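In the working numbering, the protein residues as written are 1 to 288. Glycine included, every Cβ here is placed at the ideal spot set by N, Cα and C. These numbers were taken from a predicted model, which means no experiment stands behind them.
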Ligand code: RIB
């Protein structure tokens, strides 16, 4: 079982010819919105990867539909609180090359209380996973509680903040980060991923695949070919499927392979949580 302390955002998507420059006003070619947030994306990905996921989070009154949608996608929602602060949202611009930039309003995501987190984790069992990203408050309390209950703690270090990782380092079993975040972490700590003293570190490398650093060494896994049109949420999809695979008892190699396949399919789609592929779509795509 996966307990995901994670953000829930309303994602607003704007397709633009190029990413806006400083001071530029740019007309979008299209607009759409949907369910997002690194946390919600990972919950949906893990559920689509056939894991049992309970999301721990907070929304505002106008975002009730986001909680309903998570439920429709197979995620447990009893531990998503409603607070009197607007739901988090993200304005995402995507250019013709599939590159993006994102402006985030954290809103309700930063209103989690120890009571909400603690109540959820009292239902957890030893061996379950606690998954977190850096888009909510309460990570230290959650990690500490989870560790004391015998859960495995996974931290996806995005958006990157060196201090947030530093506070959690002694409690993390698996750290997932991208290439840029890995370089930032090395700069901030002066330590290579091997020297961090963590059981497992997975570093995503975009179209180059990923690395897995552990006491078994430093292994590289190639990416699957994909015609990328939008990379938004691909890292979240990778992480959700990775943890789903591990939670279902797959080896790290097997879970990474599944996550790379899911990520490859995701970059060929526009959008975030609403378009994350399921296991059948992944199997069908890679069979052809
Ligand atoms: O990683 C993509 C996500 O980042 C988007 O869904 C957006 O909400 C931001 O959290």
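Proximity winner among the options, relative to residue i (alpha-carbon distances)
{"i": "residue 79", "options": "96, 112, 101 and 102", "result": "112"}
{"i": "residue 280", "options": "65, 49 and 121", "result": "49"}
{"i": "residue 142", "options": "199, 117, 60 and 165", "result": "117"}
{"i": "residue 153", "options": "273, 167, 164 and 174", "result": "174"}
{"i": "residue 10", "options": "61, 97 and 29", "result": "61"}
{"i": "residue 159", "options": "127, 46, 38 and 209", "result": "38"}
{"i": "residue 86", "options": "69, 190, 19 and 58", "result": "58"}
{"i": "residue 151", "options": "171, 186, 28 and 102", "result": "171"}
{"i": "residue 42", "options": "102, 210 and 70", "result": "70"}
{"i": "residue 216", "options": "223, 253 and 278", "result": "253"}
{"i": "residue 105", "options": "287, 36 and 166", "result": "36"}
{"i": "residue 120", "options": "225, 53 and 273", "result": "53"}
{"i": "residue 196", "options": "55, 167 and 139", "result": "167"}
{"i": "residue 55", "options": "124, 94, 207 and 107", "result": "124"}
{"i": "residue 107", "options": "84, 146, 93 and 40", "result": "84"}
{"i": "residue 114", "options": "126, 101, 127 and 139", "result": "139"}
{"i": "residue 31", "options": "66, 94, 22 and 75", "result": "94"}
{"i": "residue 100", "options": "271, 287 and 278", "result": "271"}
{"i": "residue 249", "options": "64, 127, 190 and 68", "result": "127"}
{"i": "residue 205", "options": "68, 180, 24 and 82", "result": "180"}
{"i": "residue 225", "options": "207, 287, 191 and 218", "result": "207"}
Any non-hydrogen atom of the ligand RIB closer than 6 Å to residue i Cβ
{"i": "residue 232", "result": "yes"}
{"i": "residue 9", "result": "yes"}
{"i": "residue 23", "result": "no"}
{"i": "residue 157", "result": "no"}
{"i": "residue 37", "result": "yes"}
{"i": "residue 272", "result": "yes"}
{"i": "residue 41", "result": "yes"}
{"i": "residue 95", "result": "no"}
{"i": "residue 90", "result": "yes"}
{"i": "residue 284", "result": "no"}
{"i": "residue 236", "result": "yes"}
CB contact flag (residue i, residue j, <7 Å)
{"i": "residue 235", "j": "residue 178", "result": "yes"}
{"i": "residue 368", "j": "residue 44", "result": "No answer is possible for residue 368: the residues shown for the chain start at 1 and end at 288."}
{"i": "residue 237", "j": "residue 276", "result": "yes"}
{"i": "residue 256", "j": "residue 221", "result": "yes"}
{"i": "residue 134", "j": "residue 164", "result": "yes"}
{"i": "residue 245", "j": "residue 258", "result": "yes"}
{"i": "residue 260", "j": "residue 285", "result": "no"}
{"i": "residue 88", "j": "residue 7", "result": "yes"}
{"i": "residue 17", "j": "residue 96", "result": "yes"}
{"i": "residue 4", "j": "residue 185", "result": "no"}
{"i": "residue 233", "j": "residue 223", "result": "no"}
{"i": "residue 64", "j": "residue 77", "result": "no"}
Residues near residue i in its chain [Cβ-Cβ closer than 6 Å; skip 5 each side]
{"i": "residue 12", "result": "33 and 91"}
{"i": "residue 247", "result": "2, 51 and 129"}
{"i": "residue 228", "result": "98 and 267"}
{"i": "residue 109", "result": "7, 88, 135 and 136"}
{"i": "residue 273", "result": "35, 36, 40, 41 and 44"}
{"i": "residue 161", "result": "134"}
{"i": "residue 102", "result": "90 and 92"}
{"i": "residue 156", "result": "133, 176 and 239"}
{"i": "residue 188", "result": "162"}
{"i": "residue 122", "result": "none"}
Beta-carbon contacts of residue i that lie in its chain and below 7 Å, excluding the five residues immediately before and after
{"i": "residue 193", "result": "182, 201, 203 and 213"}
{"i": "residue 269", "result": "230 and 275"}
{"i": "residue 75", "result": "43, 44, 47, 53 and 55"}
{"i": "residue 278", "result": "48"}
Any non-hydrogen atom of the ligand MG within 6 Å of residue i CB
{"i": "residue 53", "result": "Within the structure as shown, the ligand MG is missing, the only ligands being the ligand RIB."}
Sequence-distant residues of its chain with Cβ nearer than 8 Å to residue i (five each side left out)
{"i": "residue 169", "result": "196, 197 and 198"}
{"i": "residue 22", "result": "none"}
Runs of alpha helix (DSSP H) lying entirely within the segment 106 to 188, each at least 4 residues, in chain order: 114 to 121, 139 to 148 and 162 to 168
Unbroken stretches of the beta strand (DSSP E), 3 residues or longer, contained in the segment 211 to 269: 217 to 221
Contiguous beta strand (DSSP E) assignments of at least 3 residues, all confined to the segment 8 to 84: 9 to 15, 30 to 36, 53 to 59 and 80 to 82
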